[in-house]
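Protein chains: 2
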Amino acid sequence: MPDADRQAANFQRVREAHQTELAEDYVELIADLIDSTGEARATDVARRLGVAHPTVVKAIGRLQRDGLVESLPYRSIFLTETGRAMAERCKRRHEIVVGFLRKIGVDEETAERDAEGIEHHVSEMTLAAFERLIRSKPLG
Amino acid sequence: MPDADRQAANFQRVREAHQTELAEDYVELIADLIDSTGEARATDVARRLGVAHPTVVKAIGRLQRDGLVESLPYRSIFLTETGRAMAERCKRRHEIVVGFLRKIGVDEETAERDAEGIEHHVSEMTLAAFERLIRSKPLG
DNA sequence: TATAACGTGTAGTATAAGCTATAATTGTTG
DNA sequence: CAACAATTATAGCTTATACTACACGTTATA
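For the protein sequence lines, the chains are A and B, in the order given.
Just remember that our numbering sits 107 ahead of the position in the first sequence, which is counted from 1.
Just remember that our numbering sits 107 ahead of the position in the second sequence, which is counted from 1.
Quick look at the structure:
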């Protein structure tokens with residue numbers, strides 16, 4: 108049953124995506140905070156994510172272990188080169204997903220909401236299809 | 108900053124979606140196994156998901172606690188009314204997402220792969236937009 | 001029918017992600 | 001410059017999801 112194997116591989120891929128999902132959300136948010144306010148503080152990240160700050164501290168620890176951010180005790184959070192690159196990739200992808208949803212008639216708020224969940228599971232091929240559609244003539 | 112609040116709410120929604128995601132995958136898969144082979148065995152579920160069987164056993168326990176499945180020791184797994192309803196909703200949604208991805212030019216395999224991750228994060232509004240697009244004239 | 005093979009369950013471990021409560025540090029201000 | 005407010009860190013707990021290793025039941029067959 109090769110179908111079952113392929114399905115198992117798909118589920119596995121989704122599980123892997125989940126592991127990077129949080130990292131992506133964090134670096135994207137940290138980049139956003141740095142760009143807009145000059146620095147990323149744990150408290151701000153917590154507020155924006157809607158979680159308690161110790162949760163953020165632990166997550167930052169993991170991100171640091173994985174080479175995505177750098178932080179010193181009682182200082183603000185910085186992105187490494189890798190982290191910054193990931194953030195930019197995510198931001199671009201996020202914008203494409205939102206733009207695409209808007210294009211097919213989803214309202215701004217729903218588009219932002221759905222994109223937050225969808226963006227982590229979009230392959231390059233699908234992303235390219237989204238871009239194609241965005242550039243195409245109006246639908247309807 | 109109402110923007111920050113809305114963003115926090117969006118992230119919160121995604122985290123909630125994650126909690127139901129696994130349940131959705133399980134019931135959909137169990138329904139599929141029952142319909143195609145007559146029964147759902149833990150081993151088959153494990154193989155299809157690509158995880159070890161104790162993982163499935165624990166998950167089934169949670170699903171049972173949540174009223175989605177019924178199972179007795181050393182017997183196969185059954186869906187409750189609630190579980191069956193969820194499975195059908197998921198199956199329909201899955202098919203719409205795949206159909207939609209195919210329509211915009213994503214190949215079968217990638218569509219299946221991406222849909223597995225995307226489907227859990229698609230609102231009713233977005234789903235409706237997908238359906239509209241599927242029914243529209245060919246793109247390109 | 002006894003046993004081997006397979007399926008299922010249990011125990012124990014790890015990691016991630018969340019929380020509350022408490023401690024430590026920093027920075028601001030009286 | 002001392003004290004207080006705000007931020008950051010730590011400790012300890014919970015749940016979910018994964019794993020391996022081992023024990024127990026069922027089923028099929030020799």
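Even glycine gets a Cβ: it sits at the ideal position worked out from N, Cα and C.
No experiment lies behind these values; they were computed from the predicted model shown.
What are the boundary residues of the alpha helix (DSSP H) that residue i is part of?
i: A:G224; result: E215 to I225
i: A:L246; result: First-last for A:L246: undefined, no H or E at that position.
Kindly indicate which three-state DSSP category residue i falls into: helix, strand or coil?
i: B:A111; result: helix
i: B:A68; result: In the structure as shown, chain B starts at 108 and stops at 247, and residue 68 of chain B therefore has no counterpart that could be examined.
i: A:A236; result: helix
i: A:A147; result: strand
i: B:V121; result: helix
i: A:A138; result: helix
i: B:A130; result: helix
i: A:A159; result: coil
With a CB to CB cut of under 7 Å and the five nearest residues on each side skipped, what residues in its chain are close to residue i?
i: A:A192; result: none
i: A:V205; result: A218, E219 and A222
i: A:E131; result: M193, C197 and H227
i: B:L240; result: F207 and K210
i: A:G174; result: T187 and T189
Below 8 Å CB to CB, which residues in the same chain sit around residue i once its five sequence neighbours on both sides are set aside?
i: A:V176; result: Y133, V134, I137, I167, L170, I184, F185, L186, T187 and G190
i: B:E128; result: H227
i: A:E123; result: none
i: A:A153; result: A159, H160, T162 and V163
i: B:D151; result: L140 and T144
i: A:R200; result: E226, V229 and L234
i: B:S178; result: I167, Q171, I184 and F185
i: A:K165; result: none
Taking 6 Å as the limit between beta carbons, can you name the residues of its chain near residue i, skipping five residues before and five after?
i: B:D214; result: none
i: A:R155; result: L136
i: B:E216; result: none
i: A:E146; result: S183
Next on the checklist: Threshold first: 3 residues or longer. Then list the beta strand (DSSP E) segments lying entirely within the stretch 164 to 212 of chain B, N to C.
Outcome noted: Segments of the beta strand (DSSP E) lying fully in the stretch 164 to 212 of chain B: there are none.
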